[in-house]
Each structure stands twice: as structure tokens, then as C-alpha cells.
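A short write-up of the structure that comes next.
Laid out in C-alpha cells, this is it:
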């Protein structure tokens, strides 16, 4: 628990800096009951994110069980560190020292990022990279200005660029930023990419609190118990005070 608190405190400053001002956040309509979406999100995370980011407060075995993935399939397709056992924590192979050397700061663990930042922020952030030759990795981000990481999903999206429209404002034609558009070189269409990002966000939301569905289910049982108990308590009170009047 102490290690988790320390990691969260270390993560907060970088995320606060990434607030991105008054950027509009798109709604992430994730669904924790959609096992197919969670499985795709896990695949995307392990293939594109886990090289730098860990989710070290999760275990492979728990993720496989919750997402309906067999242990054999998990080990064969989603566990890339040689010698890792199914019950191990989901660490990444890159050391903190190398991460700091290569990126200027150690890439944070992402187990709790969805709780800290929210699903809408993550969904918008992952769709807000754009080409910027002045940056070390050739990209920047509308939500996280001067982002220090590459656009790891670029092969799926294509090269994203800021787009502008000429509009008449106060009697003058001005170029107004209207969004980001990929150049079509990616493996996915815009809709397919947005859906893939939503699957990835869905997995990160699950990762931040794996017991969410169990907690919600238990909550309904608790509420039902309280309603029944309240009715019984009222009837008991009514019966008790009948003899006093």
C-alpha cells in the first residue's frame, strides 16, 4: 500500500501539468461489461504502451481471469518479458534510469491513471497528437502541450495534422483551428481508430479499479437489504408503540 501511495503521488505532478487548459474533452462511452472491448484494449496496451509504461499494481492472472482470457493465451500473446510467470505483476522491461535518460522523465505507471485523470481526458488525449517537427519525437498534443512521449499509435491512425478553416471574424478572414485529421496512411480509418482508443481507455478504466462491477452489484444487494430492514424496523416500531397508546 505504501508503494502504491508513493507511486500515485509521483504521478500526480506530471498529470497536473498535463491539464491542457480549457481544452474540450470528448465523452468516452466505455463499457466495463464489454469483454471484447476490454480484451482489445489489453492487447493494444501490451503491444503499444507496455514497452514504456507498466501497470504494476495489476497481475497478469487477475487480468486474464477478469477479461475471460485463458492463461495459455495470455502467456503466448500478452506477456513479453521472458521468464515472467502468470501470477506476476505487470511490470515493463525498461528501467526507471533508462526511461529518464530517453524521455527526460521516467514514464509513469498507468494502473491508476484513469482514476486520477478520468476516462474523458484519456480518450481525448490519445486522439489529440499532431505533427510538430520542433518536438524531439516529431509530435505534440493539444491536451498535453509539449508532450514528452512519441505518438505510439501513429501506425494505426496515420500522421495526424492540425486542420484550419478560413472564417470571417470581425470583418477579417482568419484561419481557425477546427481539429486534427490524419493523412490516411494509418492502418485504421478515423472511426476505427476512435473505437480502438475507446477500447484502450476501457481497459485502463478497468485496470484502475478491477472490482468496479462487483462493487456495483454488491451495492444493489446492500440497498435492497437496507430497504427491507427499514420496512421491518418500521413495522417493529409500530407494533412496539401500539401497547403504549
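In mature numbering (1 follows the signal peptide of the UniProt record, and there is no 0), the protein residues as written are -18 to -1, 1 to 227. Note that the Cβ used here is the ideal one computed from N, Cα and C, for glycine as well. Because the structure is a prediction, the values reported are computed rather than measured.
Opening and closing residue of the alpha helix (DSSP H) in which residue i lies
i, result
"residue 81", "78 to 85"
"residue 143", "Note, residue 143: premise wrong, no alpha helix (DSSP H); beta strand (DSSP E) at 142 to 151."
"residue 163", "Not the alpha helix (DSSP H): residue 163 falls in the beta strand (DSSP E), residues 154 to 164."
"residue 93", "From DSSP, residue 93 is part of no alpha helix (DSSP H); its letter is neither H nor E."
"residue 129", "That residue, residue 129, is in no alpha helix (DSSP H); it is neither H nor E in DSSP."
"residue 185", "172 to 190"
"residue 59", "53 to 59"
"residue 20", "17 to 26"
Option in the options with minimal Cα separation from residue i
i, options, result
"residue 135", "146, 168, 84 and 118", "168"
"residue 88", "96, 76 and 99", "76"
"residue 137", "26, 6, 20 and 8", "26"
"residue 16", "29, 30 and 50", "50"
"residue 12", "202, 81 and 101", "101"
"residue 190", "9, 28 and 99", "99"
"residue 163", "28, 110, 81 and 203", "110"
"residue 7", "165, 73, 161 and 212", "161"
Exposure of residue i, with buried meaning 16 or more beta-carbon neighbours within 10 Å
i, result
"residue 4", "exposed"
"residue 192", "buried"
"residue 181", "buried"
"residue 140", "buried"
"residue 52", "exposed"
"residue 19", "buried"
"residue -18", "Its pLDDT being 43, under 50, residue -18 is placed unreliably by the model, and nothing is read from it."
"residue 197", "exposed"
"residue -10", "Below a pLDDT of 50, predicted positions are generally treated as unreliable, and residue -10, at 39, falls in that range; no measurement from the model is reported."
Element boundaries [beta strand (DSSP E), containing residue i]
i, result
"residue 75", "No beta strand (DSSP E) contains residue 75, which DSSP labels as neither H nor E."
"residue 39", "37 to 41"
"residue 113", "111 to 113"
Beta-carbon spacing of residue i, residue j below 9 Å
i, j, result
"residue 56", "residue 39", "no"
"residue 93", "residue 36", "yes"
"residue 69", "residue 185", "no"
"residue 117", "residue 128", "yes"
"residue 60", "residue 188", "no"
"residue 85", "residue 130", "yes"
"residue 209", "residue 96", "no"
CB contact below 9 Å: residue i versus chain D
i, result
"residue 45", "The chain inventory of the structure shown lacks chain D, comprising one protein chain alone."
Given 8 Å, three or more beta-carbon pairs between the stretch 157 to 176 and the stretch 103 to 121: Contact between the stretch 157 to 176 and the stretch 103 to 121 is present: three or more C-beta pairs spanning the two stretches fall below 8 Å.
Stretch-stretch touch, CB-based, cutoff 8 Å, three pairs: the stretch 145 to 154 with the stretch 116 to 128: no
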